[in-house]
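Student:
4 protein chains.
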Amino acid sequence: MIVIGPLEPADRPGWERLFEGYNAFYGRETMPDGFYDRAWAEFRSGARMHALGAKLGGELVGIVHFFAHPSTTSSDLCYLQDLFTATEVRGKGVARQLISAVKAWAGEHGCGRVYWHTKDDNHAARLLYDKVAENRGFIVYTMPI
Amino acid sequence: MIVIGPLEPADRPGWERLFEGYNAFYGRETMPDGFYDRAWAEFRSGARMHALGAKLGGELVGIVHFFAHPSTTSSDLCYLQDLFTATEVRGKGVARQLISAVKAWAGEHGCGRVYWHTKDDNHAARLLYDKVAENRGFIVYTMPI
Amino acid sequence: MIVIGPLEPADRPGWERLFEGYNAFYGRETMPDGFYDRAWAEFRSGARMHALGAKLGGELVGIVHFFAHPSTTSSDLCYLQDLFTATEVRGKGVARQLISAVKAWAGEHGCGRVYWHTKDDNHAARLLYDKVAENRGFIVYTMPI
Amino acid sequence: MIVIGPLEPADRPGWERLFEGYNAFYGRETMPDGFYDRAWAEFRSGARMHALGAKLGGELVGIVHFFAHPSTTSSDLCYLQDLFTATEVRGKGVARQLISAVKAWAGEHGCGRVYWHTKDDNHAARLLYDKVAENRGFIVYTMPI
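Protein chains in written order, with this note's numbering: chain A, 165 to 309; chain B, 165 to 309; chain C, 165 to 309; chain D, 165 to 309.
(1) Mind the definition here: the region 270-285 of chain D touches the region 236-247 of chain D only if three or more C-beta pairs lie below 8 Å; say whether that holds.
(2) Would you kindly check if the distance between the Cβ of residue 284 of chain B and the Cβ of residue 224 of chain B is under 8 Å?
(3) Between which two residues does the alpha helix (DSSP H) carrying residue 200 of chain B extend?
(4) Quick check on residue 184 of chain B: does DSSP put it in helix, strand or coil?
(5) Whole angstroms are fine: how far does the CA of residue 222 of chain D sit from the CA of residue 271 of chain C?
(6) How should residue 167 of chain D be labelled, buried or exposed, when 16 other C-beta atoms within 10 angstroms of its C-beta is the threshold for buried?
(7) Give the straight-line distance between the Cα atoms of residue 186 of chain A and residue 205 of chain C, rounded to the nearest whole angstrom.
(8) Is DSSP giving residue 270 of chain A helix, strand or coil here?
(9) Measure how close the beta-carbons of residue 295 of chain B and residue 309 of chain A come, nearest whole angstrom, since I'm counting them as under 8 Å.
(10) Shortest alpha-carbon distance to residue 264 of chain C belongs to which of D:307, D:291, D:288?
(11) Mind the definition here: the region 248-260 of chain B touches the region 225-234 of chain B only if three or more C-beta pairs lie below 8 Å; say whether that holds.
(12) Within this structure, are the beta carbons of residue 297 of chain D and residue 190 of chain C separated by less than 8 Å?
(13) Taking the runs of the alpha helix (DSSP H) that are 4 residues or longer, which of them lie wholly in the region 256-308 of chain A?
(14) With respect to the beta strand (DSSP E) encompassing residue 226 of chain B, which residues constitute its N-terminal and C-terminal limits?
(15) Using the rule of at least 16 other Cβ atoms within 10 Å of the residue's Cβ for burial, across every protein chain shown, is residue 188 of chain B buried or exposed?
(16) How about residue 236 of chain B and residue 211 of chain A: do their beta carbons lie closer than 8 Å?
(17) Let me see if you follow: with CB-CB separation under 8 Å, is residue 276 of chain A close to chain B or not?
(18) Identify the contact partners of residue 288 of chain A in chain C, using a Cβ-Cβ distance below 8 Å as the criterion.
(19) Decide if residue 255 of chain D is buried, meaning its Cβ has at least 16 other Cβ atoms within 10 Å, or exposed.
(20) Short check: CB of residue 291 of chain C to CB of residue 288 of chain A, under 8 Å?
(21) If you run the structure through DSSP and keep just helix, strand and coil, what is residue 246 of chain C?
(22) Three-state secondary structure (DSSP) at residue 169 of chain C?
(23) Have a look at A:238, A:215, A:207 and flag the residue whose alpha-carbon is nearest the alpha-carbon of residue 197 of chain B.
(24) For the putative contact between residue 234 of chain C and residue 213 of chain D, defined by C-beta atoms under 8 Å, what is the C-beta separation to the nearest angstrom?
(25) Is it buried or exposed for residue 340 of chain C, if we count other Cβ within 10 angstroms and need 16 for buried?
(26) Quick check on the burial criterion: 16 or more other C-beta atoms within 10 angstroms. Buried or exposed for residue 246 of chain D?
(27) Under 8 Å by Cβ, that's how I've got residue 215 of chain B and residue 207 of chain B pegged, so tell me the actual separation to the nearest angstrom.
(28) Apart from the five residues on each side of it in sequence, which residues of its chain come closer than 8 Å, Cβ to Cβ, to residue 273 of chain A?
(29) If I follow the unbroken beta strand (DSSP E) through residue 218 of chain B, where does it start and stop?
(30) Cβ closer than 9 Å: which chain B residues qualify as neighbours of residue 246 of chain D?
(31) Report all residues from its chain with a CB closer than 6 Å to the CB of residue 200 of chain C; omit the five preceding and five following residues, and keep chain order.
(32) Residues of chain A with CB closer than 9 Å to the CB of residue 209 of chain B, please, in chain order.
(33) If you draw a straight line from the alpha carbon of residue 300 of chain B to that of residue 177 of chain C, how long is it in whole angstroms?
Shown next as structure tokens:
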């Protein structure tokens, strides 16, 4: 059974392995010194950013990171920034349950919607996303500084 | 000459006309009561959201709304949420200068990048965006609550 | 074992069931009178259009339709118009082998490349297509007459 | 006034200049020996491929290449393969008139529709295409042989 809940101190090593897998998927093989410490501290404090974990048989097999931010045209929005599940549990509904948990959190915190970005050609993920969310035809432009 | 700067109390009517044009473009013809008051108050306080205006011959012809938010994988990011220019000044560089001003603000506030969303088929806007920013192939999924 | 080969008269009923499945996938529930007879006659004559079938345990489980046409900028091209596999054999490599067989045919007939169209959001199919072919960023515009 | 009509022998140099511009746009700077002779001969014979030109003040300023091919699921289709207009006449309606002329030809020759491919990020062209044709969400996969 999949159990979704907050990340506890004992989840630190499993969380880092999964977040490393996520970063590797997006081609970020080596992160700056202190990267994982900083993110973990943010999630533990819960002041700005939030995280949830999914456990299967007591083992952490999925993580999701998210936060609320203001919007000029609506109530606050919840941005689901990172979602990752262990390769060996794909297809079991872990990602879907993590998304549902974020949606519940967002509803409780007065957000009008949850949204996220994904690569256009991430077809495996989009098979799920097309079932649970809407692609309204928006794309992302990025300007590095 | 195009002049970019903060919105002043006297800009309130011109700003609302432009923001109405923006909302109409995205099919939002009627906004909830108090919508424009709320957004204007947010920009004037500057605590969470920010706005800049572009003037041509002393008249407000373009607006941009933006704010910084945290990121799990980088320093803060600057999200440029709304950008609109008066129809009659299109092609004069107003949008480009507004984007540049947001980039400058973001740099001064420690943001790693500026990003925004646009409709895939907004070809007129994308002619500009492809010149000043990168489309890295990300799309947006939205889950209403 | 998957066996790819020409369609024989005995394959007529199985072929029609698969082609119906293909048409239903694209929202064409009812085809004009004589539709299947006309297409079958075309494939049997082989003058303009061609078809191959995939059999698994002697049963027809996949079909592909294709033809060569001229090009202003290259040697002839092979257009793979329709590809369909029975739902119950998905993931077994049937589609991949049908595409390979069309590629072999195209090479023997002097074509410079094989190409096809697919819906942008057909993620299940694109998981395969991204492995065997290139998406060079071209989209299709259609003008009904 | 824009005049659309068949290419005449005297149009050979102007046509080649435009077709070179088209090929350069798609990154094909040098074409194989005999490339332009072969294509011109095809258009002059009219057996398989067809071309039309647009003249403005007697000068050739636009070209279009097209042909009909069979279809498994409909009457013949007309593929508009190449369309190019001189840079200095952009925005005058030359491309739109060439497309209309191909549509008329296709209707007279029993084609059910005209279609073409374009690059996803060719926003200047798509401003026109979105007005005259439909993007039904199909993309192109290519497999070189």
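All C-beta atoms in this analysis are idealised placements derived from N, C-alpha and C, irrespective of residue type, glycine included.
Tutor: This is what the structure holds:
(1) yes
(2) no
(3) 199-209
(4) helix
(5) 44 Å
(6) exposed
(7) 52 Å
(8) In the structure shown, residue 270 of chain A sits in a helix (DSSP, three-state: H, G or I).
(9) Between residue 309 of chain A and residue 295 of chain B the Cβ distance is about 17 Å, and since that is not below 8 Å, they are no contact.
(10) D:307
(11) Result yes; three or more Cβ-Cβ pairs closer than 8 Å.
(12) Taking the C-beta atoms as reference points, residue 190 of chain C is found no nearer than 8 Å to residue 297 of chain D.
(13) 258-272, 287-296
(14) Element bounds for residue 226 of chain B: 223-233.
(15) exposed
(16) Taking 8 Å as the Cβ cut-off, residue 236 of chain B and residue 211 of chain A do not qualify as a contacting pair.
(17) yes
(18) 287, 291
(19) exposed
(20) In this structure, residue 291 of chain C sits near residue 288 of chain A, with a CB-CB distance shorter than 8 Å.
(21) strand
(22) strand
(23) A:238
(24) 5 Å
(25) Here chain C has residues from 165 to 309 only, and residue 340 of chain C is not among them.
(26) Counting Cβ neighbours within 10 Å, residue 246 of chain D comes out buried, since at least 16 surround it.
(27) 4 Å
(28) 232, 240, 242
(29) 214-220
(30) Identification of chain B residues near residue 246 of chain D by a Cβ-Cβ cut-off of 9 Å yields none; the smallest Cβ-Cβ distance measures about 21 Å.
(31) The residues are 180.
(32) Those within 9 Å of residue 209 of chain B in chain A number zero; the least Cβ separation is about 11 Å.
(33) 47 Å
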